[in-house]
Amino acid sequence: MIKYVSTRGGGSPVSFLEAFAAGLAPDGGLYVPQRLPRLPTDLRRGDAQPYAAEAFDFFRLFDGEHQGEELAAIMDASYGSFSDDPNAPLVQLDQGLFVLELFHGPTLAFKDFGLQLLGNLFQDQIRRTGEAINVLGATSGDTGAAAIHGLAGKEGANVFILYPEGRISPLQERQMTCTGAANIFPIPIKGTFDDAQRIVKEIFGDAEAKQKLHLSAINSINLVRVLAQAVYYVHAFLQLPEECRDNVNFVVPTGNFGNVFAAWMAHRMGLPTKRLTVATNRNDILFRFFNSGVYAPSEVVPSWSPSMDIQVASNFERLLYYECDEDGEKVASLMRQAAETGRVEVPDFDPGIFTATRCDDDGIIANIRRVHETYDYIVDPHTACGFQDIDSDETTVVLATAHPAKFPETIHKAIGQRPTHPSLEALKKVDPVRYPLPANAAAVREFIETHAAGRA
Ligand SMILES: *Cc1c(COP(=O)(O)O)cnc(C)c1O
1 MIKYVSTRGG
11 GSPVSFLEAF
21 AAGLAPDGGL
31 YVPQRLPRLP
41 TDLRRGDAQP
51 YAAEAFDFFR
61 LFDGEHQGEE
71 LAAIMDASYG
81 SFSDDPNAPL
91 VQLDQGLFVL
101 ELFHGPTLAF
111 KDFGLQLLGN
121 LFQDQIRRTG
131 EAINVLGATS
141 GDTGAAAIHG
151 LAGKEGANVF
161 ILYPEGRISP
171 LQERQMTCTG
181 AANIFPIPIK
191 GTFDDAQRIV
201 KEIFGDAEAK
211 QKLHLSAINS
221 INLVRVLAQA
231 VYYVHAFLQL
241 PEECRDNVNF
251 VVPTGNFGNV
261 FAAWMAHRMG
271 LPTKRLTVAT
281 NRNDILFRFF
291 NSGVYAPSEV
301 VPSWSPSMDI
311 QVASNFERLL
321 YYECDEDGEK
331 VASLMRQAAE
341 TGRVEVPDFD
351 PGIFTATRCD
361 DDGIIANIRR
371 VHETYDYIVD
381 PHTACGFQDI
391 DSDETTVVLA
401 TAHPAKFPET
411 IHKAIGQRPT
421 HPSLEALKKV
431 DPVRYPLPAN
441 AAAVREFIET
451 HAAGRA
């Protein structure tokens, strides 16, 4: 069975479940499969199956530890609850132009695909080990909400999510604070997202606290989240009409590079893909990288697509690993260079099947308006970044990463309507529960100690 190694070459290979439980590798690198398996034929051609069945066939290639029945139950639990079937419908807007709707999960954004599965794998881990866990994370919106919905009501798990008070959208806050689940602790702090992130890092950095409190992370570097996202590229491809399968371009609104890296993995495993478009907003570090081979972060600027407001794309290190021909030492040296100089320069960089586009705030509004006028279809501000410079000679599949009803004000600016969704309307009737704390690690740690699951 496949083992998992660090992108920085340190430590010994670990199993699927070990890589899942650890999140980050001990040398600071990210886990990648030691070799990428080939997709079985029925995942490369033929017709789409029910989503959970495809997810099962895909994970069977990576997870050699669960019994078949156990894995099937985990996939059913993760993807059976999505409101619409299929989970990731492909909607045709025009000849050769499709939208892959990834917003039918509980929090109406694609992050549900990774975090529903993560939640069920955590529950499975609690059952196997008999040990409770406390999940701790910081969020600027979508990730925290999806993590909370992945774990709400699950026995043996408590979830502590820090977020900057007043700096996430009211609907995103409601998705975290209105679950009614006793094991969920949304914690607004006075400060920025970076402050929240720093507190989480400080607590994880304290080995004694981490062990004593059975802390687990949910961030986007967990390999399981990336693998879970690779499945919907397969699912999209199998929904394409036969005559559209020859030159497929997946367009991916990108922040942390997790989603588009998942596409690249599926491609490497044999999914016929001609091009992958990395669609950025005004925070265009990846756009600049794919045009120059130089990765140079600058200041994060707030935009109309907040979940893409990122300058350090954590999953980028996984691509570097393959760019460096799977040489962990080379990656480690590039990452040291990054820590010292603040930039990474890839020698003889070859973008391969990647291209990149950039869309500023005016472009987001213009794209929402144009797509609405032309196709009578409403895209959210993140998805709107994908409708930039589309090449009509290809089959283009734009990933719709969130439901437009999550961003009613931006949509209103563009087309004068405020889209709604029943699940968001229902939240407005529930009283929010939140636990405001001062922005310091000691206070947060003490709060976790008091409310932790599995206290001795
Ligand atoms: C997280 C997110 C993105 C960015 O995805 P990455 O995997 O970080 O590249 C895009 N759109 C929405 C709606 C998101 O929540």
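Counted from 1, the sequence shown has number 170 at position 170 by the working numbering; the numbering is strictly sequential. Don't be surprised by glycine CBs; every beta carbon is placed ideally from N, CA and C.
Alpha-carbon spacing of residue i relative to residue j, whole angstroms
i, j, result
"Ile74", "Ala296", "40 Å"
"Gln311", "Glu317", "13 Å"
"Phe103", "His412", "19 Å"
"Glu173", "Asp47", "39 Å"
"Glu449", "Ala209", "9 Å"
"Arg275", "Leu61", "24 Å"
"Val248", "Met269", "15 Å"
"Arg455", "Leu117", "In this prediction, Arg455 scores a pLDDT of 47, lower than 50, which makes its location untrustworthy; no coordinate-derived value is stated."
"Pro37", "Gly352", "20 Å"
"Asp284", "Thr192", "21 Å"
"Gly144", "Val159", "10 Å"
"Val444", "Ser292", "42 Å"
"Phe122", "Ser78", "12 Å"
"Ile2", "Ala138", "31 Å"
"Lys330", "Val294", "16 Å"
"Tyr4", "Gly29", "12 Å"
"Pro253", "Ile364", "12 Å"
"Arg127", "Leu151", "14 Å"
"Phe59", "Ala414", "40 Å"
"His66", "Gly255", "32 Å"
"Ala170", "Pro272", "The displayed chain sequence assigns Pro, not Ala, to residue 170. Taking the straight line joining both Cα atoms gives about 40 Å."
"Arg45", "Leu238", "6 Å"
Boundaries (first-last residue) of the alpha helix (DSSP H) holding residue i
i, result
"Gln470", "The requested residue 470 is not part of the displayed model; the chain covers only 1 to 456."
"Phe113", "Lys111 to Thr129"
"Val331", "Gly328 to Thr341"
"Gln211", "Ala207 to Lys212"
"Ser78", "Gly68 to Tyr79"
Ligand 1 heavy atom lying under 7 Å from the CB of residue i
i, result
"Ser423", "no"
"Thr410", "no"
"Gly258", "yes"
"Pro106", "no"
"Pro253", "yes"
"His382", "yes"
"Thr401", "yes"
"Ser12", "no"
"Asp112", "no"
"Met308", "yes"
"Ala109", "yes"
"Asp57", "no"
"Ser220", "yes"
"Asp361", "no"
"Asp142", "yes"
Integer-rounded CB distance, given that residue j should sit under 8 Å from residue i
i, j, result
"Ala441", "Ile199", "5 Å"
"Gly156", "Ala132", "4 Å"
"Ile189", "Ala439", "4 Å"
"Phe250", "Val397", "5 Å"
"Ala405", "Leu424", "6 Å"
"Asn315", "Val226", "7 Å"
"Thr107", "Ala55", "Not a contact, Cβ separation roughly 18 Å."
CB contact flag (residue i, residue j, <8 Å)
i, j, result
"Phe287", "Thr357", "yes"
"Ile221", "Gly23", "yes"
"Asp480", "Ala88", "Limits of the chain in this structure are 1 at one end and 456 at the other, which puts residue 480 out of reach."
"Val278", "Phe354", "yes"
"Asp57", "Leu43", "yes"
"Asn134", "Leu17", "no"
"Met335", "Arg8", "yes"
"Gly119", "Lys154", "yes"
"Phe395", "Gly96", "A small correction: the amino acid at residue 395 is Thr; Phe does not occupy that position in the sequence shown. Cβ atoms of Thr395 and Gly96: closer than 8 Å."
"Leu437", "Cys178", "no"
"Ile368", "Pro419", "no"
Where the beta strand (DSSP E) through residue i begins and ends
i, result
"Arg35", "No beta strand (DSSP E) holds Arg35; DSSP gives it neither H nor E."
"Gly94", "The sequence given here has Asp at residue 94, not Gly. Counting along the chain, the beta strand (DSSP E) containing Asp94 begins and ends at Leu90 to Asp94."
"Glu101", "Leu97 to Glu101"
Closer than 8 Å to chain C by CB, residue i
i, result
"Pro89", "The structure shown contains no chain C; it is built from a single protein chain."
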